[in-house]
Amino acid sequence: MEKLFMLVIIIGVGIISLKILMTWFLGSLSTIAKTNTNVNSNHIEYSVRSDDVEKCYLVIKEHFKLLLQSRQLSRRDMLAIRDYLYKNVHEYERKKYKNDAHAIYTMLKANDLTIAHLYAIDEYLKKILNTGDGKNEKTICKN
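With the numbering used here applied, the sequence shown covers 423 to 565.
Here you go:
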């Protein structure tokens, strides 16, 4: 009986010490992973869009907001814009969006959109606004 009791105690102490050792080891791994991800401010690359792209973005954002609030933008139009942006924006590939409008607003901010992409979206929105010929309205987005 005493031998069985001693064996149970030895096994229990061994299991507890193994748990403590594993906790310490896993904790040290997470600390190593955290310390390696620190980035010095000298290593950060800033991606800034040009002034032309930024001006065009502001115009498109206002057109989109106007169409959305006046309910002139159909579901089909929103999906067309969203799909076009999905094809051309690679910055937010794995991001989850609340809805299609949120996806469009977010992807319009992407740094990998060029003036040509924004021009195409601007022309599409102008067609919905019944100013698609571009002759009556002064445009900032030029291809």
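Built from N, CA and C at the ideal position, the CB exists for glycine as well.
Here the structure is a predicted model, which means the values were calculated and not measured.
Asked	Found
Whole-number beta carbon distance between Val475 and Ile537, since they are thought to touch under 8 Å	5 Å
Coarse secondary structure for Thr536, derived from DSSP in three states	coil
Per-residue DSSP class, three states only, for Asn458	Because Asn458 sits at a pLDDT of 49, beneath the cut-off of 50, its placement in the model cannot be relied upon, and the following sentence gives the value as read from the coordinates. Helix.
Three-way DSSP call (helix, strand, coil) for Met444 in this model	helix
Contact set for Ile526: own chain, Cβ-Cβ below 6 Å, skip 5 residues either direction	Ile503, Arg504
Nearest-angstrom beta carbon gap, Thr528 and Tyr514 [assumed within contact, 8 Å]	6 Å
Simplified DSSP state of Met423, which is helix, strand or coil	coil
Check whether His485 and Asp544 have beta carbons under 9 Å apart	yes
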